[in-house]
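What follows is a short report on a single structure.
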Amino acid sequence: MWKLVIEDDEGKRTVVPLTRDDYTIGRKEGNTIRLTERNVSRAHAKIRKLANGAAAPAPSPPPASERTHYLLEDQSSYNGVYVNGIRVAQTQELGHGDLIQIGDYRIVLQDDSVVEAPPPSQPDPKTTIPSGQRASLLMERPNRLVMLAGPTPGAEYPLLDTERITVGRAEDATVSINHNSVSRLHCEIHALGDGRFEIVDKGSSNGVRVNTADLRRGIIEPGDVIELGDVKFKFVGAGQIFLPGVNDSQQLSSIGERAPHSRRGMGLLPYVIFGAVIAVIAVGAWAFTRPKPEPIVILPPTAQSADPAQQSLDEAKKLCGDTGVGDCDTAHAKINDEIPPSSPLRDSADFKSIEGRWADVMLTRADAEQDVTKRRALLDEVARAQTVDAGRRKRAADKLQQLLETSATIPTQLPVADAGPVHAGHDAGAVRRVANAAYEPTSAPTPQPTTPKASGGTDVHQLLLQDTPSSIAAARSFLEPKVFGNRATAEEIRMLKTICKTQHDEICVEKCKSLLGQ
Numbered sequence: 164m165w166k167l168v169i170e171d172d173e174g175k176r177t178v179v180p181l182t183r184d185d186y187t188i189g190r191k192e193g194n195t196i197r198l199t200e201r202n203v204s205r206a207h208a209k210i211r212k213l214a215n216g217a218a219a220p221a222p223s224p225p226p227a228s229e230r231t232h233y234l235l236e237d238q239s240s241y242n243g244v245y246v247n248g249i250r251v252a253q254t255q256e257l258g259h260g261d262l263i264q265i266g267d268y269r270i271v272l273q274d275d276s277v278v279e280a281p282p283p284s285q286p287d288p289k290t291t292i293p294s295g296q297r298a299s300l301l302m303e304r305p306n307r308l309v310m311l312a313g314p315t316p317g318a319e320y321p322l323l324d325t326e327r328i329t330v331g332r333a334e335d336a337t338v339s340i341n342h343n344s345v346s347r348l349h350c351e352i353h354a355l356g357d358g359r360f361e362i363v364d365k366g367s368s369n370g371v372r373v374n375t376a377d378l379r380r381g382i383i384e385p386g387d388v389i390e391l392g393d394v395k396f397k398f399v400g401a402g403q404i405f406l407p408g409v410n411d412s413q414q415l416s417s418i419g420e421r422a423p424h425s426r427r428g429m430g431l432l433p434y435v436i437f438g439a440v441i442a443v444i445a446v447g448a449w450a451f452t453r454p455k456p457e458p459i460v461i462l463p464p465t466a467q468s469a470d471p472a473q474q475s476l477d478e479a480k481k482l483c484g485d486t487g488v489g490d491c492d493t494a495h496a497k498i499n500d501e502i503p504p505s506s507p508l509r510d511s512a513d514f515k516s517i518e519g520r521w522a523d524v525m526l527t528r529a530d531a532e533q534d535v536t537k538r539r540a541l542l543d544e545v546a547r548a549q550t551v552d553a554g555r556r557k558r559a560a561d562k563l564q565q566l567l568e569t570s571a572t573i574p575t576q577l578p579v580a581d582a583g584p585v586h587a588g589h590d591a592g593a594v595r596r597v598a599n600a601a602y603e604p605t606s607a608p609t610p611q612p613t614t615p616k617a618s619g620g621t622d623v624h625q626l627l628l629q630d631t632p633s634s635i636a637a638a639r640s641f642l643e644p645k646v647f648g649n650r651a652t653a654e655e656i657r658m659l660k661t662i663c664k665t666q667h668d669e670i671c672v673e674k675c676k677s678l679l680g681q
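Start counting the sequence shown at 164; every next residue gets the next number (my numbering).
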């Protein structure tokens, strides 16, 4: 009985008894024998039984033992069909023991009624080997290197399980390659057992490349393409038949010797690539050996270790609330006391929002306050708060000015004692000294400077001498536009500097210093 024994690349076998006259082989559904690997065409080949066992016409009839019973046809497949290692052009007669190669599949045609004699251990190359024995010998071939490009393309070099195989241009090398791109001792191949081999570069001029990658030492496997200079090999595994594929560039091509003048230039690329590989390895080793950073742990919000200034801002935001109905006074004091003046948090939207809500609360409280002194204090605190936006500060200053204009007449003589309460942290003596400085006589009989007048004809010195929060705020609101508008005298700049210093406004103090050239 005739049958096909099909073996895939993993060694799995399937037996198909030939009980029909025609068999189609391919990847698409509907074929009599469907092979699913991608290197098999949709309609790859066809096997047809010859009527009455008659073979196609031949110059002389073959012996009965090799009489052909089947005919193989290539259906214009992409990767072709091979019989006993030879590609089929159109059709091929098949006999018992013939080996058919389709993609990664090996198919042997067998006749159970034929009993074959064992093949000779070392057949004479000149002796014609029967087809069945020929297929068996092909499948029993050892691991080997097949030259794709070089002096003798197609030459095969067995890789036996010996301890060491030398490869180079030297005549005594195990694999001797007569090409000037190959060093005298180019590399060694070590047998590791179980069909495993290791290749080691022995300091060659042009290096060793495996699958286009430079390799100083590494394991090679069946299917790998090995390049030694300009010479290229393919590692074919034991029992496999070498069928040059469409992806083998320069396959089975003969190459000439390198020109002497171009040898150095051609040999430079491997060194460049090797240097790049060494750099990558060095970076990888550094990344592997450097101290590993501490893992990032995200703690719950209640236990998170944050910036103290940010914590103060978050707490103040909760105190004041989104609508300003909370304790905005405490929130205002907290962020001004605990967040440094140089902190970028003072420019954040949350900081400005808290200060804006606090100012609104203070203005509302001032409007409802019946006591004039307390109302002045509330408006003054908002008017001089540099952390509040300019619009709210102007509203407070306007209300304060209106309050001053409707209050009692300001005395024209210098007071002997304080005319009002002193704000906490306020240096009354410093303000009074600045006010009195305008009235101290000079050693030279120079004309007295015109003293600054606030809106409505009010004397700024008189406001400073009153030394109340409201009068100080009124004096500052008059001086700031002139000073920072470059319209003030040195005396007025010094007066504003002293006011800002008593109010602990460091930004204002620094600006005045810069204007005075200090």
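Glycine included, C-beta positions come from ideal geometry on N, C-alpha and C.
Option nearest residue i by Cα separation, candidates the options
i: Ile670; options: Arg547, Ala636, Ala638; result: Arg547
i: Asp184; options: Lys209, Ala354, Gln549, Arg205; result: Lys209
i: Leu308; options: Gly193, Gln403, Val646; result: Gln403
i: Glu544; options: His667, Gly331, Val179; result: His667
i: Val551; options: Leu526, Lys537, Cys350; result: Leu526
i: Phe641; options: Ser677, Gln564, Val672, Lys676; result: Gln564
i: His232; options: Arg556, Leu679, Leu257; result: Leu257
i: Met658; options: Lys674, Glu673, Gly260, Arg639; result: Arg639
i: Lys175; options: Leu626, Leu198, Val446; result: Leu198
i: Asp275; options: Leu627, Val178, Gly248; result: Val178
i: Pro385; options: Glu568, Thr375, Phe398; result: Phe398
i: Val524; options: Gly680, Ala442, Ser677, Cys491; result: Cys491
i: Ser368; options: Asp387, Phe396, Gly331; result: Gly331
i: Ile383; options: Leu355, Lys365, Gly366; result: Leu355
i: Leu567; options: Glu334, Lys191, Val623; result: Val623
i: Leu311; options: Gly260, Ala333, Glu351, Phe396; result: Phe396
Cβ of residue i within 7 Å of any chain B Cβ
i: Ala376; result: Among the protein chains of the structure shown there is no chain B, as only one such chain exists.
For residue i, the residue or residues it bridges with in DSSP
i: Met310; result: Phe396
i: Ala354; result: Phe360
i: Val178; result: Val168
i: Ile656; result: Partner(s): none; Ile656 has no beta bridge.
i: Arg538; result: Per DSSP, none; premise fails for Arg538.
i: Ala376; result: Val373
i: Ser339; result: Gly331
i: Tyr320; result: Leu308
i: Ala208; result: Ile188, Asp237
i: Thr254; result: Glu236
Beta-carbon proximity check, residue i vs residue j, cutoff 7 Å
i: Val363; j: Arg347; result: no
i: Ala494; j: Ile517; result: yes
i: Val373; j: Gly313; result: no
i: Asn202; j: Gly266; result: yes
i: Ala401; j: Pro321; result: no
i: Lys166; j: Gln255; result: no
i: Cys483; j: Arg520; result: yes
i: Ala633; j: Arg509; result: Per the sequence shown, the amino acid found at residue 633 is Ser instead of Ala. No, the pair does not count as a contact, with Cβ atoms beyond the cut-off.
i: Tyr268; j: Ile196; result: no
i: Arg327; j: His349; result: no
i: Gly392; j: Ser339; result: no
i: Asp534; j: Lys480; result: no
i: Phe437; j: Asp377; result: yes
i: Leu678; j: Ile662; result: no
i: Gly325; j: Ala336; result: The sequence shown places Thr at residue 325, rather than the Gly named in the question. For Thr325 and Ala336, no; Cβs fall outside 7 Å.
i: Lys645; j: Ala651; result: yes
i: Leu476; j: Ile441; result: no
i: Gly193; j: Ser204; result: no
i: Ile263; j: Val246; result: yes
i: Arg555; j: Ala522; result: yes
i: Ser472; j: Ile444; result: One point to set straight first is that residue 472 is Ala, not Ser, in the sequence displayed. The answer is no: Cβ separation not under 7 Å.
i: Lys562; j: Leu542; result: yes
i: Leu234; j: Arg250; result: no
Counted within 10 angstroms of its Cβ, other Cβ atoms place residue i as buried (16 or more) or exposed
i: Glu643; result: buried
i: Thr182; result: exposed
i: Ser294; result: Bear in mind that the predicted position of Ser294 carries a pLDDT of just 48, short of 50, making it unreliable; the figure below should be weighed with that in mind. Result: buried.
i: Met164; result: exposed
i: Pro283; result: Low per-residue confidence applies at Pro283: pLDDT is 49, beneath 50, and the placement is therefore not dependable enough to give any value.
i: Ala252; result: exposed
i: Tyr241; result: exposed
i: Asn649; result: exposed
i: Lys289; result: At Lys289 the pLDDT is 42, less than 50, meaning the model places this residue with poor confidence; the figure from the coordinates comes in the next sentence. The residue is exposed, with fewer than 16 neighbouring Cβ atoms inside 10 Å.
i: Glu390; result: buried
i: Gly592; result: Confidence is the limiting factor: at Gly592 the pLDDT is only 49, short of 50, which leaves the residue's position unreliable, though a coordinate-based value still follows. Exposed, because fewer than 16 other Cβ atoms sit within 10 Å of the Cβ of Gly592.
i: Asn341; result: exposed
i: Gln156; result: Look at the range of the chain in this structure, 164 to 681, and you will see that residue 156 is not part of it.
i: Leu323; result: exposed
i: Gly680; result: exposed
Cβ-heavy atom distance, residue i to the ligand HEM, below 6 Å
i: Thr187; result: Annotation note on the ligand HEM: not contained in the displayed structure, which lists no ligands.
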